[in-house]
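Residue numbers (our numbering): 18 to 376.
Beneath this line is the structure, given in structure tokens, with notes to follow.
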Amino acid sequence: MNEPVLTKRIPTHPWGDPKDRHTVGVEEFVRTGGYANLEKALDRKPDEIIEEVKGAVLRGRGGAGFPAGLKWSFLPDADGGRRYLAVNCDEAEPGTFKDRLLCDFDPHLVLEGIAIACYACKLDTAYFFIRGEYHHQAKVMQRAIEEAYEHGIFGKQGLLKGKTDFAVDCHLHRGAGAYICGEETGLLEAVEGKRGWPRIKPPFPAVKGLFGRPTIVNNVETLAAVVPIIEHGVEWWKGHGCESATGGPPSYGTKLMGVSGHVERPGVYECDLGIPLRELVETHCQGMRNGKRFKGAIAGGVSMGVLGPDQFDAPMDFDIGRFDVLGLGTACPTVFDEDTDMVAVARNIARFFKNESCG
Numbered sequence: 018m019n020e021p022v023l024t025k026r027i028p029t030h031p032w033g034d035p036k037d038r039h040t041v042g043v044e045e046f047v048r049t050g051g052y053a054n055l056e057k058a059l060d061r062k063p064d065e066i067i068e069e070v071k072g073a074v075l076r077g078r079g080g081a082g083f084p085a086g087l088k089w090s091f092l093p094d095a096d097g098g099r100r101y102l103a104v105n106c107d108e109a110e111p112g113t114f115k116d117r118l119l120c121d122f123d124p125h126l127v128l129e130g131i132a133i134a135c136y137a138c139k140l141d142t143a144y145f146f147i148r149g150e151y152h153h154q155a156k157v158m159q160r161a162i163e164e165a166y167e168h169g170i171f172g173k174q175g176l177l178k179g180k181t182d183f184a185v186d187c188h189l190h191r192g193a194g195a196y197i198c199g200e201e202t203g204l205l206e207a208v209e210g211k212r213g214w215p216r217i218k219p220p221f222p223a224v225k226g227l228f229g230r231p232t233i234v235n236n237v238e239t240l241a242a243v244v245p246i247i248e249h250g251v252e253w254w255k256g257h258g259c260e261s262a263t264g265g266p267p268s269y270g271t272k273l274m275g276v277s278g279h280v281e282r283p284g285v286y287e288c289d290l291g292i293p294l295r296e297l298v299e300t301h302c303q304g305m306r307n308g309k310r311f312k313g314a315i316a317g318g319v320s321m322g323v324l325g326p327d328q329f330d331a332p333m334d335f336d337i338g339r340f341d342v343l344g345l346g347t348a349c350p351t352v353f354d355e356d357t358d359m360v361a362v363a364r365n366i367a368r369f370f371k372n373e374s375c376g
């Protein structure tokens, strides 16, 4: 990719120095084109926005990769009652830290995506569910939400200072540290004040979700990605990423990839989907730490399985499951060098899931 998309206001290698990062407030956000795409969206019919997101094949960035526009289309017709958006910023999967970057430094990009999604899907209330351990990020997002109200983005006057009479409220809800709340129905239970425990499906949240009402659950990065789709259009979005190698849905767009482990320069990088893992490690992360050999990598969060040295060139796309891992997950690989005891790694992962997901 030639220029950043989601991180255009966040200095990130290779386009900028992370030392220059700062939180973008609402005035700077607006000055650099922020909320212009919400205004653009409000000039169109809600169904047209859904069709555009469907046409872009924007796949969920939280782990499952389900097409966001298709999920939006599952909502029943509005009946005058409450309809909700639940924003998933639980991000408790070990090795995953991409959404934190957006919350820290460009929170209004996420809020613009939230506002567009609420307008398109006729959702009048958004709950931003954030991981309990994200103390600083919660403060940043709360301030950004307050700024959005002050500037008429949210509130009873209607979106964008009354450009439409459709009004949206947005609330921050802090988690209490349970990994299982990252599962969409566990998240809904937590917002309702109950134990965060997954529900049996069906019914699915789009039909019966938060407080028994139609609800869309989307990841932070997914909602942020709606903004450039509205700005540039479907064909531009498809110019990033890659087609499917297995005949399935394509992997279009850019992706935030948080790399940790035994690399020289760990961090979050925005790349086109389909970038080979080797290129991500050797180019963006400046190679293996201390010149060690690559032994393996967990593809995208510890629930996704391990790529071995003979799979170092595997493309980071939604078809990565063909390399005998469960999937792309959050696309945040943890990289291991030749000295790593992989049995100890497996034991540590098993211990985590025993405590967090098995009772």
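All C-beta atoms, glycine included, are put in the ideal place defined by N, C-alpha and C.
message = I believe ALA134 touches LEU140 by the beta-carbon criterion, under 8 Å. Please report the beta-carbon distance rounded to the nearest angstrom.
response = Position 117 of the sequence shown holds residue 134. Position 123 of the sequence shown holds residue 140. Yes, they are in contact, since the Cβ atoms of ALA134 and LEU140 sit about 7 Å apart, within 8 Å.
CA-to-CA distance, HIS301 to GLY275, given in whole angstroms = Locating residue 275 in the sequence shown gives position 258, where the first residue counts as 1. Locating residue 301 in the sequence shown gives position 284, where the first residue counts as 1. If I take the Cα positions, the gap works out to 11 Å.
inquiry  = Measuring straight from C-alpha to C-alpha, what distance separates GLY210 and VAL47?
reply    = By 1-based counting over the sequence shown, the position of residue 210 is 193. By 1-based counting over the sequence shown, the position of residue 47 is 30. Roughly 35 Å separates the two Cα atoms.
request  = Mind checking who GLY258 pairs with in its DSSP beta bridge?
outcome  = For the purposes of this step, residue 258 is taken as residue 241 along the sequence shown, with counting starting at 1. GLY258 pairs with TYR269.
ask   = Taking C-alpha atoms, which residue in GLY50, TYR269, ASP186 lies nearest to PRO132?
value = What you label residue 132 is simply residue 115 of the sequence shown in a count that begins at 1. The sequence given here places Ala at residue 132; Pro does not occur at that position. Out of GLY50, TYR269, ASP186, ASP186 has the C-alpha closest to the C-alpha of ALA132.
task = Using a threshold of 8 Å, state whether the C-beta atoms of ASP145 and MET158 are closer than that.
result = To locate residue 145, count along the sequence shown from 1; it is residue 128. To locate residue 158, count along the sequence shown from 1; it is residue 141. Looking at the sequence shown, residue 145 is not Asp but Phe. In contact: PHE145 and MET158 (Cβ atoms closer than 8 Å).
inquiry  = Do GLY304 and PRO332 have their beta-carbon atoms positioned less than 8 Å apart in this structure?
reply    = The residue labelled residue 332 in the question sits at position 315 within the sequence shown. The residue labelled residue 304 in the question sits at position 287 within the sequence shown. Taking 8 Å as the Cβ cut-off, PRO332 and GLY304 do not qualify as a contacting pair.
key: Rounded straight-line distance, which links the Cα of GLY308 to that of ALA223   = By one-based count along the sequence shown, residue 223 stands at place 206. By one-based count along the sequence shown, residue 308 stands at place 291. The straight-line gap from Cα to Cα measures roughly 49 Å.
message = Does the structure place the stretch 173-182 close enough to the stretch 190-197 that three or more beta carbon pairs sit under 8 Å?
response = no
query = By how many angstroms is the C-alpha of ARG230 removed from the C-alpha of GLY98?
reply = The residue given as residue 98 occupies position 81 in the sequence shown. The residue given as residue 230 occupies position 213 in the sequence shown. Between GLY98 and ARG230, the C-alpha separation is close to 8 Å.
Unbroken beta strand (DSSP E) run spanning GLY313, endpoints = Here residue 313 corresponds to residue number 296 of the sequence shown, with the count starting at 1. Start and end: 311-315.
query = How close, in whole Å, do the beta carbons of VAL280 and ARG306 come, if the pair is a contact with beta carbons under 8 Å?
reply = As a first step, residue 280 is located in the sequence shown; it is residue number 263 there, counting from the start. As a first step, residue 306 is located in the sequence shown; it is residue number 289 there, counting from the start. That pair is a contact at about 6 Å.
inquiry  = Going by DSSP, what residue range makes up the alpha helix (DSSP H) through ALA73?
reply    = Translated into positions along the sequence shown, residue 73 becomes position 56. In the DSSP assignment, ALA73 falls outside any alpha helix (DSSP H) and carries neither an H nor an E.
Reference ASP336; option with closest CA among SER277, PRO326, GLY270, CYS259 = Numbered from its first residue, the sequence shown carries residue 336 at position 319. Checked all of SER277, PRO326, GLY270, CYS259; the closest Cα to ASP336 is CYS259.
ask   = Assuming GLY79 contacts THR271 under a Cβ cut-off of 8 Å, what Cβ separation, rounded to an integer in Å, is found between them?
value = Locating residue 79 in the sequence shown gives position 62, counting from the first residue. Locating residue 271 in the sequence shown gives position 254, counting from the first residue. Their Cβ separation, rounded to whole angstroms, is 16 Å, which puts GLY79 and THR271 out of contact at 8 Å.
Beta-bridge pairing of GLY172 - partner residues as DSSP gives them = Stepping through the sequence shown from its first residue, residue 172 is reached at position 155. DSSP lists VAL185 as partners of GLY172.
query = Can you round the beta-carbon distance between THR113 and CYS349 to whole angstroms, since I take them to be within the 8 Å contact cut?
reply = Residue mapping note: residue 113 aligns to position 96 of the sequence shown, counting from 1. Residue mapping note: residue 349 aligns to position 332 of the sequence shown, counting from 1. With a Cβ gap of about 4 Å, THR113 and CYS349 count as contacting.
task = Take VAL41 and list the residues in its own chain whose beta-carbon comes closer than 7 Å to its own, dropping the five residues that flank it on each side.
result = Residue 41 sits at position 24 when you count from the first residue of the sequence shown. So the qualifying residues of the chain are ARG26, PHE122, ASP123, HIS125.
query = The beta strand (DSSP E) with ASN105 in it runs from where to where?
reply = Translated into the one-based positions of the sequence shown, residue 105 becomes position 88. Note, ASN105: beta strand (DSSP E), 101-106.
request  = Express the C-alpha separation of PHE221 and PRO13 in angstroms, rounding to a whole number.
outcome  = Nothing about residue 13 can be read from this structure; the chain reaches only from 18 to 376.
ask   = If you follow the beta strand (DSSP E) that CYS288 is part of, which residue opens it and which one closes it?
value = Locating residue 288 in the sequence shown gives position 271, where the first residue counts as 1. Its beta strand (DSSP E) spans residues 284-289.
ask   = If we count the other Cβ atoms within 10 Å of its Cβ and call it buried at 16 or more, is VAL298 buried or exposed?
value = Taking the first residue of the sequence shown as position 1, residue 298 is located at position 281. Under this definition VAL298 is a buried residue.
task = Taking only the alpha-carbon atoms, compute the straight-line gap between ARG148 and VAL22 and give it to the nearest angstrom.
result = Along the sequence shown, read from residue 1 onward, the residue named residue 148 stands at position 131. Along the sequence shown, read from residue 1 onward, the residue named residue 22 stands at position 5. Approximately 25 Å between the Cα atoms of the pair.
request  = List the DSSP bridge partners of PRO293.
outcome  = Translated into the one-based positions of the sequence shown, residue 293 becomes position 276. Its beta-bridge partners are PRO332.
key: When ASN236, PRO111, GLU206, THR24 are compared against LEU227, the one with the closest alpha-carbon   = Working through the sequence shown from its first residue, we reach residue 227 at position 210. Among ASN236, PRO111, GLU206, THR24, the Cα nearest to that of LEU227 belongs to GLU206.
request  = May I ask which residues mark the beginning and end of the beta strand (DSSP E) holding ALA85?
outcome  = Stepping through the sequence shown from its first residue, residue 85 is reached at position 68. Not the beta strand (DSSP E): ALA85 falls in the alpha helix (DSSP H), residues 85-90.
inquiry  = By the DSSP assignment, the beta strand (DSSP E) with ASN365 in it spans what residues?
reply    = In the sequence shown, the residue the question calls residue 365 occupies position 348. Not the beta strand (DSSP E): ASN365 falls in the alpha helix (DSSP H), residues 359-374.
query = By Cβ distance, which residues of its chain are closer than 6 Å to GLU20, with the 5 residues on each side in sequence left out?
reply = Start at 1 with the first residue of the sequence shown, and residue 20 comes out as number 3. Cβ neighbours of GLU20 beyond the five flanking positions: none.
task = Taking 8 Å as the cut-off, decide whether the C-beta atoms of GLY313 and PHE370 are in contact.
result = Here residue 313 refers to the residue found at position 296 when the sequence shown is read from its first residue. Here residue 370 refers to the residue found at position 353 when the sequence shown is read from its first residue. Cβ atoms of GLY313 and PHE370: not closer than 8 Å.
task = Report the option in HIS30, GLU164, THR351 whose CA atom is closest to the CA atom of GLU44.
result = As a first step, residue 44 must be located in the sequence shown, where it is residue number 27. Here the closest residue by C-alpha is GLU164.
request  = Tell me whether VAL243 sits in a helix, a strand or coil according to DSSP, three-state version.
outcome  = One-based indexing of the sequence shown puts residue 243 at position 226. Three-state result, VAL243: helix.
query = Can you give the Cα-Cα distance for LEU177 and ALA161, rounded to whole angstroms?
reply = As a working mapping, residue 177 is identified with position 160 in the sequence shown. As a working mapping, residue 161 is identified with position 144 in the sequence shown. In a straight line, the C-alpha of LEU177 is about 15 Å away from that of ALA161.
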